[in-house]
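Undergrad: Under my numbering, the first residue of the sequence shown carries the number 1, and numbering increases by one thereafter.
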Amino acid sequence: MTGHRRKRVILVTDGDTFARRALEIAAKQLNMRVISKTAGNPTPLSGVEIVHYVKQAKYDPVLVMFDDNGDGNQAGGEEALHVICNHPDIEVIGALAVASNTSLVKGVGVDFSIDEHGRQVSTGVDKDGHPIRRYLVFGDTVDALRELDLPVIVGIGDIGKMAGRDSPERAAPVTTIALQRLLAAYHDRTKGSAHANP
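(1) How far does the beta strand (DSSP E) with phenylalanine 112 in it reach, from first residue to last?
(2) Tell me whether arginine 8 counts as near the ligand NAD, meaning its Cβ is closer than 8 Å to at least one heavy atom of that ligand.
(3) If you pair each beta-carbon of the stretch 78–95 with each one of the stretch 113–131, do three or more pairs fall below 8 Å?
(4) Just to confirm before moving on: does the CB-CB distance between aspartate 89 and valine 51 stay below 9 Å?
(5) So, helix, strand or coil for leucine 45, using DSSP?
(6) Taking Cβ to Cβ, would you say glycine 164 is nearer than 9 Å to alanine 99?
(7) If you run the structure through DSSP and keep just helix, strand and coil, what is methionine 1?
(8) Taking the beta carbon of threonine 176 as the centre, do at least 16 other beta carbons fall within 10 Å, making it buried, or is it exposed?
(9) Considering only residues of the stretch 132–197, which uninterrupted alpha helix (DSSP H) runs meet the minimum length of 4 residues and lie entirely inside it, listed in chain order?
(10) Could you please give the first and the last residue of the uninterrupted beta strand (DSSP E) stretch that includes lysine 7?
(11) What is the rounded straight-line gap between the Cα of leucine 183 and the Cα of alanine 39?
(12) Once the 5 residues before and after histidine 195 are set aside, which same chain residues still bring their CB inside 7 Å of it?
(13) Kindly indicate which three-state DSSP category glycine 94 falls into: helix, strand or coil?
(14) Quickly, what does DSSP pair glutamine 29 with across the bridge? List them, please.
(15) DSSP puts glycine 40 in a beta bridge; with which residues?
(16) Might you give, ordered along the chain, the residues of its own chain that have their beta carbon closer than 6 Å to the beta carbon of valine 105, omitting 5 neighbours on each side?
Structure representation (structure tokens):
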């Protein structure tokens, strides 16, 4: 084995200012790196540009934001997703599937979610972080995750918000816990534990 190791990436399906600030705070606490330039509605960078920034990051996991601005016809973000997921120097270890008040989406299955109080629940959650009765999360950009074979998908409410419970001023506790649990679940999977989904 050579000294070359693929950069580990966590995808986040939100790109607004609140999400960026919350992710920056959570990343700092967890020794992760966030590519702040990926924030925006829609995602402002191409897949090739994002790969460049990921490879330049001094440490990982690296958090990358994707947002199609609520427009299911926006292809740029999805194309960038596929570039990243298929790049030989990158290992996508999971995603935070961010819920929003949106219709006309299929939703994506989650391994588990983190509710607005930072508790792990087996179902999906809504935009406010309240558990729902389905094992799916519905959001603007989450359908793009359906096409990807990701090790871990964690549902979460609107990052940096959730009625103030995840605000950057409070050190984004819900986002921080979600990232911690995602990383732990990924490590469990790579040790050969059974996947939660059939």
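Cβ atoms here follow ideal geometry from the backbone N, Cα and C, with glycine treated the same way. Source: prediction; values computed, not measured.
TA: So, from the listed chains and residues:
(1) From DSSP, the beta strand (DSSP E) with phenylalanine 112 extends over 112–114.
(2) For the structure depicted, the ligand NAD is absent and the ligand set is empty, with no information on it obtainable.
(3) The stretch 78–95 is not in contact with the stretch 113–131.
(4) A contact, by the Cβ cut-off of 9 Å.
(5) In the structure shown, leucine 45 sits in coil (DSSP, three-state: anything other than H, G, I, E or B).
(6) No, the pair does not count as a contact, with Cβ atoms beyond the cut-off.
(7) A caution first: methionine 1 carries a pLDDT of 37, below 50, which makes its placement in the model too unreliable to give a value.
(8) Threonine 176 comes out buried.
(9) Complete alpha helix (DSSP H) runs here, min 4: 173–190.
(10) Taken as a continuous stretch (DSSP letters only), the beta strand (DSSP E) holding lysine 7 covers 7–12.
(11) Between the C-alpha atoms of leucine 183 and alanine 39 there is a straight-line separation of about 22 Å.
(12) Since pLDDT at histidine 195 reaches only 43, below the 50 mark, its modelled position is unreliable, and no value is offered.
(13) DSSP, reduced to helix, strand and coil, places glycine 94 within a strand of the structure shown.
(14) Bridge partners of glutamine 29: none, in fact.
(15) Answer by DSSP bridge pairing: none, since glycine 40 is not bridged.
(16) Once the five neighbours on either side are set aside, the close Cβ partners of valine 105 are Phe138 and Asp143.
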